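**Student:** Going by the working numbering, the residue at position 60 of the sequence shown is 269; the numbering climbs one at a time, nothing skipped. Please read through the structure below; I'll follow up with questions.
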Amino acid sequence: MRAFGRLVNHCTHDGSWASASGEQRCTACGMRRFTNYGGVRPPGLPEAVTPSRKRRPDADRSAAIAITIRFQSRRRFREMALRAVS
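Pasting the structure below:
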């Protein structure tokens, strides 16, 4: 199959996965997936904070509110910009 003029290899990753130090690699195509995000975090950063089971619903709600506020403020900014141009 071609996409944007390049040959794309579609692997279903049905084969085996080789695991080593926080990552897995498809033995068929070589695609990597990280299992503990240790491979994508640069050294020296503090460990990620995970809320307790009791606090997770509050953390999820806070994150959803923060995303909504950011989305709404960007939408308002775009609407004001479009009105200024019109």
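Note that CB positions come from ideal geometry on N, CA and C, so glycine has one too. Here the structure is a predicted model, which is why all the values come from computation and not from measurement.
Is Thr236 closer than 8 Å to Ser228 when the C-beta atoms are compared?
**Tutor:** It is not a contact, given that the beta carbons lie outside the stated cut-off.
**Student:** Does Ala275 come out as helix, strand or coil in the three-state DSSP assignment?
**Tutor:** Ala275 falls in the helix class under three-state DSSP.
**Student:** Round the Cβ separation of Thr221 and Glu232 to the nearest angstrom and send it over; I've been treating them as touching at under 8 Å.
**Tutor:** 19 Å between Cβ atoms; not a contact.
**Student:** Rounded C-beta distance between Ala268 and Pro260? I'm assuming under 8 Å.
**Tutor:** Confirmed, Cβ separation roughly 4 Å.
**Student:** Determine the extent of the beta strand (DSSP E) in which Arg241 is found, giving its start and end residues.
**Tutor:** Arg241 to Phe243 is the span of the beta strand (DSSP E), which, as asked, contains Arg241.
**Student:** Measuring straight from C-alpha to C-alpha, what distance separates Ile278 and Arg270?
**Tutor:** Between Ile278 and Arg270, the C-alpha separation is close to 12 Å.
**Student:** List the DSSP bridge partners of Glu232.
**Tutor:** Per DSSP, Ala229 and Phe243.
**Student:** Roughly how many angstroms lie between the CA atoms of Glu282 and Pro266, to the nearest whole one?
**Tutor:** Note that residue 282 is Ser in the sequence shown, not Glu. Using only the alpha carbons, I get a separation of about 24 Å.
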